[in-house]
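J.:
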Amino acid sequence: MKKNFFGKQSDIVRAVDDVSFAVQEGQTLVLAGESGSGKSTIAKLILHAIPKDSGKIIFNGTEISGKKEDLRKIRMGVQMVYQDPYDSINPQMKIKDIISEPLEIHKIGDSKKRTGLVLEALREVRLEPADDIMEKYPHMLSGGQRQRVVLARALILKPKMIIADEPVSMLDVSIRAEVLELMEGLRKKYNISFLYITHDLATARYFGQKIAILYKGKIVEIGPIEEVLFSPKHPYTQALLDAISEPDPNNLTREKKIRVNW
Ligand SMILES: Nc1ncnc2c1ncn2[C@@H]1O[C@H](COP(=O)(O)OP(=O)(O)OP(=O)(O)O)[C@@H](O)[C@H]1O
Ligand SMILES: [Mg+2]
């Protein structure tokens with residue numbers, strides 16, 4: 001909501017409006033749309049990080065209210081991975097303390113138990129030797145390794161769902177696939193649901209089963225990923241697809257173009 005100089009409401013901006021979708025257990029829903037379309041706002045609404053004016057968030061079959069116990073449920077069960085690992089980890093903390101922080105916040109285990117869980121989480125994201133890595137500081141790791149640390153921290157509470165908001169867009173192109181593959185492996189192994197937020201339809205196709213296309217705060221199209229990407233119904237989906245396609249010297253089909261971009 002914008003306010004003018006005198007503090008009066010001059011214009012109401014709805015970052016997202018009338019958005020409704022479900023993420024199935026163990027599945028990935030991709031939330032795609034251009035910058036400013038409301039993707040991160042949806043993530044914040046799910047986690048109750050910002051207030052909503054209306055609507056419901058249902059997690060694991062129950063509606064999540066603003067009550068303390070409900071907030072605890074959602075903040076334990078749904079973990080976030082952000083675009084920039086540097087934004088979400090404290091550079092002055094050792095890796096072991098970064099990863100065990102959620103355990104401390106939720107008062108889980110003693111120090112010995114936490115260290116064991118940290119080691120397990122590090123191995124899970126293939127950061128080894130785990131007992132060596134956990135003593136390091138973030139600046140001693142590469143961008144891809146730091147994002148694995150963020151994933152390890154997300155995993156430590158054994159979440160039902162991970163919201164990954166552009167998790168690979170800051171990483172070098174050569175390691176994006178590795179991190180996405182890692183997430184895909186975790187999804188299958190632990191039946192974790194993912195909400196994968198991106199504007200990159202090529203990675204969306206690799207990682208998702210369903211996709212919702214967001215445009216100016218509204219979902220304009222939602223459905224199985226192949227269906228939406230290969231026979232888009234909405235002109236905006238078409239425009240997004242055209243935006244990622246390179247000029248087309250070889251007259252590639254859309255399917256090939258998406259492969260080429262990926
Ligand atoms: N704190 C805020 N106060 C007012 N408006 C905001 C705030 N945060 C976001 N917005 C507006 O809400 C809309 C959606 O923003 P959001 O950050 O959700 O977009 P996004 O799809 O995540 O974009 P990006 O791809 O750039 O991350 C935008 O118009 C943005 O300007
Ligand atoms: Mg965003």
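Position one of the sequence shown corresponds to residue 1 (the working numbering), numbered consecutively onward.
Every residue gets a Cβ at the ideal spot worked out from N, C-alpha and C, and that includes glycine.
Can you tell me whether residue 200 is buried or exposed, with buried defined as 16 or more other CB within 10 angstroms of its CB?
T.: Buried: at least 16 other Cβ atoms inside 10 Å.
J.: So the alpha helix (DSSP H) residue 53 belongs to, where does it begin and stop?
T.: Run containing residue 53: none; DSSP gives neither H nor E here.
J.: Quick one, what's near ligand 1 if you take every residue whose CB is closer than 5 Å to any heavy atom, in chain order?
T.: Output, sorted by chain position: 15, 35, 36, 37, 38, 39, 40, 41.
J.: Sort 117, 71, 229 by Cα distance to residue 97 and report the nearest one.
T.: If we check each option's Cα against that of residue 97, 117 comes out closest.
J.: Tell me the residue span of the alpha helix (DSSP H) that contains residue 179.
T.: From DSSP, the alpha helix (DSSP H) with residue 179 extends over 173–190.
J.: For residue 230, does the three-state DSSP call read helix, strand or coil?
T.: Reduced to three states, the DSSP call for residue 230 is helix.
J.: Quick test of your reading: residue 216 and residue 192, contact by CB under 8 Å. State the CB separation rounded to the nearest angstrom.
T.: That pair is no contact at about 30 Å.
J.: Output the boundary residues of the beta strand (DSSP E) element that contains residue 194.
T.: Looking at the DSSP string, the run of the beta strand (DSSP E) that includes residue 194 is 193–198.
J.: Measure the C-alpha to C-alpha separation of residue 104 and residue 130 and round it to an integer number of angstroms.
T.: Taking the straight line joining both Cα atoms gives about 20 Å.
J.: Any chance the stretch 230–246 sits against the stretch 41–49, with 3 or more Cβ pairs inside 8 Å?
T.: Touching, no, given that fewer than three Cβ pairs across the two stretches are closer than 8 Å.
J.: In the DSSP assignment, find the unbroken alpha helix (DSSP H) run with residue 86 in it and report its ends.
T.: Segment 85–88, the alpha helix (DSSP H) holding residue 86.
J.: Just the C-alpha distance for residue 119 and residue 84, rounded to the nearest angstrom, thanks.
T.: Each residue's Cα considered, the two are about 23 Å apart.
J.: Using the Cα positions of residue 132 and residue 70, report the straight-line distance between them to the nearest angstrom.
T.: Spanning the two alpha carbons is a distance of roughly 37 Å.
J.: Got a sec? Which residues, its chain only, sit under 7 Å from residue 46 by beta carbon, not counting five neighbours each side?
T.: Hits under 7 Å: 57, 78, 163.
J.: Quick one: is the Cβ of residue 165 within less than 7 Å of any heavy atom of ligand 2?
T.: Correct: residue 165 has its Cβ closer than 7 Å to ligand 2.
J.: Roughly how many angstroms lie between the CA atoms of residue 134 and residue 190, to the nearest whole one?
T.: About 23 Å.
J.: Buried or exposed: where does residue 226 fall if 16 or more other Cβ atoms within 10 Å of its Cβ makes it buried?
T.: Under this definition residue 226 is an exposed residue.
J.: Any idea what DSSP makes of residue 224, helix, strand or coil?
T.: Strand at residue 224.
J.: With DSSP collapsed to three states, give me the class of residue 127.
T.: Three-state result, residue 127: coil.
J.: Please determine, among 32, 175, 64, 179, the residue with the shortest C-alpha to C-alpha distance to residue 152.
T.: Out of 32, 175, 64, 179, 179 has the C-alpha closest to the C-alpha of residue 152.
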